[in-house]
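Each residue of the sequence shown is one higher than the last, beginning at 201 in this note's numbering. Beta carbons: idealized from backbone N, C-alpha and C, even for Gly. Computed from a predicted model, the values in this text were never measured in an experiment. Report on the following structure.
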Amino acid sequence: MMETDLSVCYHEAGHAVAIFLSGFQQQDVDILPQVLDNGDIIMGSDYMDTGHLDITGLDNDHIAVQRFSKARKVITIYLCGEISERKYSHMVSKLSGSDIQMVDVILKEEIVEEQRELFLKNCHAVSLQIINDYWPAIVALAETLYKEKRIPAAMVKRVVEETIPPEVIEVTENQYWSTDSLR
201 MMETDLSVCY
211 HEAGHAVAIF
221 LSGFQQQDVD
231 ILPQVLDNGD
241 IIMGSDYMDT
251 GHLDITGLDN
261 DHIAVQRFSK
271 ARKVITIYLC
281 GEISERKYSH
291 MVSKLSGSDI
301 QMVDVILKEE
311 IVEEQRELFL
321 KNCHAVSLQI
331 INDYWPAIVA
341 LAETLYKEKR
351 IPAAMVKRVV
361 EETIPPEVIE
371 VTENQYWSTD
381 SLR
């Protein structure tokens with residue numbers, strides 16, 4: 201079996217903490233190698249379940265706001281992996297390449313061209329803030345992931361809640377996704 205670099209654990213822990221804060225359903229996190237059809241080996245699980253966007257009864261403006269909000273969270277989650285890994289190791293592995301490709305796809309599908317640069321800058325700023333505010337939880341998750349190779353969703357939640365005071369979680373959780381932070 202392939203040796204897992206601790207930086208991969210930090211990458212996946214960054215994603216996991218951002219998912220915890222996003223309100224999306226937390227999934228298990230792992231660093232088990234997976235071989236793709238083309239022979240490439242990737243580390244980490246595809247564990248983001250963003251749920252279905254319910255637009256029943258909404259007008260076009262409200263649908264656009266919902267899609268914008270969801271795209272913002274998903275892009276921020278993707279960026280948190282790379283930023284966490286970079287904070288730990290001062291480098292980024294090939295693992296981040298697929299995340300950046302997904303960010304590009306989401307930007308092109310969901311955000312009008314004139315807004316993409318500002319939108320991405322905002323997502324990056326939020327990602328940096330999440331990584332800095334939740335670094336103790338990321339460290340704890342990364343170290344656990346390195347030892348265990350897989351962390352159940354309930355344990356992700358428990359580790360974050362044990363390392364970050366509840367009042368901080370309550371304040372920051374809302375602050376990251378506020379539309380006021382887009383200005």
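1. Three-state secondary structure (DSSP) at residue 304?
2. Assess, as a yes-or-no matter, whether the segment 364-373 is touched by the segment 303-322 under the definition of 3 or more beta carbon pairs within less than 8 Å.
3. Rank 220, 213, 219, 280 by C-alpha distance to the C-alpha of residue 329 and give the top, closest one.
4. So does the segment 272-279 actually touch the segment 212-221, counting three or more Cβ pairs closer than 8 Å?
5. Please classify residue 230: does DSSP put it in a helix, a strand, or coil?
6. Output needed for residue 355: all residues of its chain with C-beta closer than 8 Å, excluding positions within five of it in sequence on either side, in chain order.
7. For residue 253 and residue 225, what's the separation of their Cα atoms in angstroms?
8. Out of 223, 222, 208, 214, which has the shortest C-alpha to C-alpha gap to residue 232?
9. How is the alpha helix (DSSP H) around residue 378 delimited, first residue to last?
10. When the Cα atoms are used, what is the spatial distance from residue 297 to residue 370?
11. The alpha helix (DSSP H) with residue 330 in it runs from where to where?
In brief:
1. Position 104 of the sequence shown, counted from the first residue, corresponds to residue 304. Helix at residue 304.
2. No contact exists between the segment 303-322 and the segment 364-373.
3. Start at 1 with the first residue of the sequence shown, and residue 329 comes out as number 129. Closest by alpha carbon: 280.
4. The segment 272-279 is in contact with the segment 212-221.
5. Stepping through the sequence shown from its first residue, residue 230 is reached at position 30. Of the three classes helix, strand and coil, the one that applies to residue 230 here is strand, per DSSP.
6. For the purposes of this step, residue 355 is taken as residue 155 along the sequence shown, with counting starting at 1. Excluding sequence positions up to five before and after residue 355, its CB lies within less than 8 Å of the CB of 344, all in the same chain and listed in chain order.
7. Here residue 253 refers to the residue found at position 53 of the sequence shown. Here residue 225 refers to the residue found at position 25 of the sequence shown. Per-residue confidence for residue 253 stands at a pLDDT of 47, beneath the threshold of 50, marking its modelled position as unreliable; no derived number is given.
8. On the sequence shown, position 32 is the one that residue 232 refers to. 208 is the residue among 223, 222, 208, 214 whose C-alpha sits nearest the C-alpha of residue 232.
9. The count along the sequence shown starts at 1 and reaches residue 378 at position 178. Per DSSP, residue 378 lies in no alpha helix (DSSP H) segment and is marked neither H nor E.
10. Along the sequence shown, one-based indexing puts residue 297 at 97. Along the sequence shown, one-based indexing puts residue 370 at 170. Taken atom to atom, the span from the alpha-carbon of residue 297 to that of residue 370 is near 32 Å.
11. As a working mapping, residue 330 is identified with position 130 in the sequence shown. Run containing residue 330: 313-333, per the alpha helix (DSSP H) assignment.
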